[in-house]
Amino acid sequence: MPAVSKGDGMRGLAVFISDIRNCKSKEAEIKRINKELANIRSKFKGDKALDGYSKKKYVCKLLFIFLLGHDIDFGHMEAVNLLSSNKYTEKQIGYLFISVLVNSNSELIRLINNAIKNDLSSRNPTFMCLALHCIANVGSREMAEAFAGEIPRILVAGDTMDSVKQSAALCLLRLYKTSPDLVLMGEWTSRVVHLLNDQHMGVVTAAISLITCLSQKNPDEFKTCVSLAVSRLSRIVSSASTDLQDYTYYFVPAPWLSCKLLRLLQCYPPPEDGAVKGRLVECLETILNKAQEPPKSKKVQHSNAKNAILFEAIALIIHYDSEPNLLVRACNQLGQFLQHRETNLRYLALESMCTLASSEFSHEAVKTHIETVINALKTERDVSVRQRAADLLYAMCDRSNAKQIVAEMLSYLETADYSIREEMVLKVAILAEKYAVDYSWYVDTILNLIRIAGDYVSEEVWYRVIQIVINRDDVQGYAAKTVFEALQAPACHENMVKVGGYILGEFGNLIAGDPRSSPLVQFNLLHSKFHLCSVPTRALLLSAYIKFINLFPETKSTIQEVLRCDSQIRNSDVELQQRAVEYLKLSSIASTDVLATVLEEMPPFPERESSILAKLKKKKGPGAVSAGELEEGKREGGEVNGWEVNQQKSEPSQENASSLTTSPSPTPTAMHLSLTSFFFPSSLSQSTPSPSADLLGLRSAAPVSAAPVSAGSLLVDVFSEAGPAASTAGVNDDGFLRFVCKNNGVLFENQLLQIGIKSEYRQNLGRMYLFYGNKTSVQFVSFSTTLKPVDPLVEGGAQVQQVINIECLSDFSDAPLLNIKFRYGGALQNLSLKLPVTINKFFQPTEMSSHDFFQRWKQLSQPQQEAQKIFKANHPMDTEVLKAKLLGLGTALLDNVDPNPENFVCAGVIQTKAQQIGCLLRLEPNAQAQMYRLTLRSSKDTVAKRLCELLSEQF
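Here is the structure:
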């Protein structure tokens, strides 16, 4: 790139920028800009022709004004005219203006394309690079249509300079990513591949990025690159740091090129040519050997470059999975990193070893590090590293170490971070079933799991233990005895009550011989939990009671008395009332034979795909659970359908517990069909998606009659899974805006009910505590919400609490709805509120210097990336109150950044599961006019608009 002469300094531009910086207010800035725009407009329209320097200066000023956030509606033609200049600085400014301001629909696009064609054919390398950079920066489909055929020719031409080849390769890569159907290599394929042999390392580095992208889409067309990539890699790995001086980074020869070569080789299977394969194995061994050598520098850059190559080499070894010696060596090398002081290295080592554990050649080598991994699970401070340690324990588990690993994971569960508990529970449940030699150990493990982490035990887990107990005669008595003992604990989780009710209802007779667990003792134990449970669990217990009448005729009168009481047959919940009435009538009029037929023991479940494995796979994403694991999940003993299967087959969902009692094939008796509602509420008969699915994904709401989300799910989808399909008409959002900048307070209050909120957020996760207070002296009955089950009875003056865990999957604008129903004095009360879950709750504060802030501010210069609002102050302009509100927003309040000390600037990153969204905020108060101007810039346009709407109501 030619040097810029001193005469090109554009003093007028420097003076203008200085004037803008010295403006004391926004109004002064706008006045100065308008004056300058008028001057530039008059110069462009004047009779006197402007010279190239003046055009460049004025176009540069327009560009600066645009970057300040002002619209520019003239000067485009002058910028296009600069493209025909023979001076580098003038042409550069013209291309810069076009890259930033001209869109693909502009009428000038044909003139621009002609200018670019002229520069590409000029053979002037500087001009060619400028043209290629412009094409890549704009990257529009029109550009691809115009130049996709020309750029490959420039790339492979023998007389093209190296710097132009680099730009051409990267420009072609950009066009291929935006319009792959227009970039057809065809005859150029072999010549592009042979760029890997180019003498210039910069050309090779640029070309390999293009070839890797092309190989991923068309591997067969580019398979000849493998031998060339191996050859180039061999030359780099075997060279000393002095051989590639221009491309040596802290004593590591060409680290970026080495990583790209190794990544390219991962697009293909191991080379079939023995010589090429031998050379590649030699390269990989050399990389592993160099990792063992003492470092040549203590600088962190040296170790980073060295480790980057090592991890890419290990990834290639794992990808090939055909060299036992290399796999074991890779495992041993990773084992050394497990105790490294650098957290990132420990994380990467754990992640890579998870993949190594699935290889038959390296599984045993991975198992030797079990103690180190267990220690990492217990002592690591970073939750992401602990999660990778849990993943590795899951991956290395087999029959020889299953009991140890399950025990350690159970022990860790008691103190585990709540964000990974549900996944840990699923893994423990899968391992316990998969490697259970003795099914009594499996029953003990699952019941212990429910005891330790009952809130995170999903429906799939306790359904599965019931299925196994029903399908295995040898464990039924032990399960009944164990669950009976577990229910005797003073504090017993509701999932334990469900399991106990089902198993004792089916197999309580197997332990009835012991006076300590006589039929009446069993019934009294279950009934002592009845009033503490949710409606679905109470319905299950009523089904267990009618089963008791069949198993133990001596309990008939006691159970009938319970069913006959007003709290049952006059229950405000229709499901419970119907069950009580029907079961009472059935026990009274049915003969012993009919009762025995209708209520006989459940038959074995048919074999189905493991729903727990399917759920873990869905939670972790595609490829997280191997096909082999899913195949092993189809064990003798059967499985309830996973939700995805139900959607395809239109069968009851496994969230519907009645699928546990559906008749197998063939049906032993026709009466078994009526048992679909015996153990579980009919309200559960609809297919309900997994509660951890689509959180903040904003799917449409489920029907009103859908079951409440399970209390055992980690992530409660307050948006769609169980909410009523009601319109927002009549929604009370009076208290909603008060919580944009705070997390605690009273959301709603009237003469009957007070609803308080306390919430906390960390990255993309949140936890909300809801407090429902009965302000009257009269009991609320049939109290229910759409979030998750609560106690249906709220005594006068009492308060009930709900805990909701939230995860932000992607950006959103609509707040979730909370629908509350209860009866007060016989009248049905229905209330809909907006829950104060807004996108700013997931802000991570970001500290920035003044230079970094305005540099980033300029980068977010697209019109759709900015939202701005000028509005009247709603509250007194108190500086301390403003600061408190901006801090409550979740961003970092940056001091000494804005030239105007009266203005406030903030920065933060919104953390979602899908992406991170950077946001910058500028609040300009005008005390005299009692007005504000709020400007938000964000990498995502919808976020900037939503935040602007929310915040403009706060000041």
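For the sequence shown, UniProt numbering begins at 1 and goes up steadily by one.
Virtual Cβ for every residue (Gly too), placed ideally from N, Cα, C.
>> Applying the 10 Å Cβ sphere with the 16-neighbour rule, what's the burial state of residue 849?
In response: Residue environment: residue 849 is assigned as exposed (fewer than 16 neighbouring CB atoms within 10 Å of its CB, all protein chains considered).
> What is the rounded straight-line gap between the Cα of residue 554 and the Cα of residue 584?
Replying inline: Their backbone Cα atoms lie some 15 Å apart in a straight line.
>> Tell me the rounded alpha-carbon separation between residue 82 and residue 172.
In response: Distance between the alpha carbons of residue 82 and residue 172: 25 Å.
> With respect to the alpha helix (DSSP H) encompassing residue 176, which residues constitute its N-terminal and C-terminal limits?
Replying inline: Note, residue 176: alpha helix (DSSP H), 162 to 178.
> By how many angstroms is the C-alpha of residue 918 removed from the C-alpha of residue 962?
Replying inline: As shown, the chain starts at 1 and ends at 955. That puts residue 962 outside it, with no answer to give.
>> Considering Cα atoms alone, identify which of 270, 290, 230 and 877 is closest to residue 261.
In response: When only C-alpha atoms are compared, the closest one is 230.
> Using the beta-carbon count (16 or more within 10 Å), is residue 896 buried or exposed?
Replying inline: By the Cβ neighbour-count rule, residue 896 is exposed, with fewer than 16 other Cβ atoms within 10 Å of its own.
>> Measuring CB atoms only, is the segment 284 to 294 touching the segment 302 to 315, in the sense that at least three cross pairs come out at less than 8 Å?
In response: Cβ pair count under 8 Å is three or more, so yes.
> Assuming residue 908 and residue 742 make a contact with CB atoms under 8 Å, what is their CB distance in whole Å?
Replying inline: In this structure residue 908 is not in contact with residue 742, their Cβ atoms being roughly 16 Å apart against a cut-off of 8 Å.
> Can the beta-carbon of residue 535 be found less than 8 Å from the beta-carbon of residue 789?
Replying inline: In this structure, residue 789 lies closer than 8 Å to residue 535 by Cβ.
> Between which two residues does the alpha helix (DSSP H) containing residue 443 stretch?
Replying inline: Here the alpha helix (DSSP H) through residue 443 covers 439 to 453.
>> Among the candidates 193, 201 and 245, whose CA atom is the shortest distance from the CA of residue 220?
In response: Minimum Cα distance to residue 220 is reached at 193.
>> Taking 8 Å as the threshold (C-beta atoms), are residue 99 and residue 144 in contact?
In response: Residue 144 is not a Cβ neighbour of residue 99, given a cutoff of 8 Å.
>> Comparing C-alpha positions only, which one of 292, 266 and 799 sits nearest to residue 280?
In response: Nearest C-alpha to residue 280: 266.
>> Which runs of the beta strand (DSSP E) at least 3 residues long sit entirely within the segment 776 to 847? Give them in chain order.
In response: Within the segment 776 to 847, the complete beta strand (DSSP E) runs of at least 3 residues are 781 to 785, 799 to 807, 817 to 824, 827 to 834 and 843 to 845.
> Under the three-state reduction of DSSP, which class applies to residue 925: helix, strand or coil?
Replying inline: In this structure, residue 925 counts as strand in the three-state DSSP scheme.
> Would you report the Cα separation of residue 500 and residue 491, rounded to the nearest angstrom?
Replying inline: Across the structure, residue 500 and residue 491 are spaced so that their CA atoms are roughly 14 Å apart.
> Could you check where the beta strand (DSSP E) with residue 199 kicks off and where it finishes?
Replying inline: Annotation for residue 199: no beta strand (DSSP E) segment contains it, and DSSP assigns it neither H nor E.
>> In whole angstroms, give me the CA-to-CA distance for residue 773 and residue 738.
In response: Residue 773 and residue 738: Cα-Cα distance of roughly 20 Å.
> Applying the criterion that 16 or more other CB atoms from any shown protein chain within 10 Å of the CB defines a buried residue, is residue 766 buried or exposed?
Replying inline: Flag for residue 766 reads buried.
> How far does the beta strand (DSSP E) with residue 870 in it reach, from first residue to last?
Replying inline: Judged by DSSP secondary structure, residue 870 falls within the beta strand (DSSP E) whose first and last residues are 866 to 872.
>> In the DSSP assignment, the alpha helix (DSSP H) including residue 88 goes from what residue to what residue?
In response: Segment 88 to 101, the alpha helix (DSSP H) holding residue 88.
>> Cutting at 7 Å between CB atoms, please list the residues of its own chain near residue 480, excluding the five before and the five after it.
In response: Cβ within range, chain order: 503, 504, 507, 508, 510 and 511.
>> Measuring straight from C-alpha to C-alpha, what distance separates residue 416 and residue 843?
In response: Cα to Cα, residue 416 sits roughly 24 Å from residue 843.
> So which of 940, 886, 804 and 25 has the shortest CA-CA distance to residue 863?
Replying inline: Checking every option, the nearest Cα to that of residue 863 belongs to 940.
> Who does residue 127 pair with in a DSSP beta bridge?
Replying inline: Within the DSSP secondary-structure output, residue 127 pairs in no beta bridge.
> Which residues in the same chain as residue 113 place their Cβ atom closer than 6 Å to its Cβ, once the five residues preceding and following it in sequence are excluded?
Replying inline: Correct list, in chain order: 146.
> What is the DSSP secondary structure of residue 183, counted as helix, strand or coil?
Replying inline: Assignment of residue 183 by DSSP, reduced to helix, strand and coil, places it in the coil class.
>> I'd like to know whether the C-beta atoms of residue 317 and residue 330 end up nearer to each other than 8 Å.
In response: Yes.
>> Using the Cβ count rule (16 or more neighbours within 10 Å means buried), how would you classify residue 775?
In response: Flag for residue 775 reads exposed.
> Looking at the unbroken beta strand (DSSP E) that takes in residue 755, where does it start and where does it end?
Replying inline: For residue 755, the enclosing beta strand (DSSP E) begins and ends at 753 to 762.
> Does the beta-carbon distance from residue 563 to residue 580 come in below 8 Å?
Replying inline: Contact: yes.
> Between which two residues does the alpha helix (DSSP H) carrying residue 274 extend?
Replying inline: From DSSP, the alpha helix (DSSP H) with residue 274 extends over 274 to 292.
> Start and end of the alpha helix (DSSP H) containing residue 268?
Replying inline: Note, residue 268: premise wrong, no alpha helix (DSSP H); not H, not E.
> Does the separation of the CB atoms of residue 93 and residue 56 fall below 8 Å?
Replying inline: Yes, the pair counts as a contact, with Cβ atoms nearer than the cut-off.
> To which residues of the same chain is residue 406 closer than 7 Å at the C-beta, ignoring the five residues directly before and after it?
Replying inline: 428, 431, 432 and 445.
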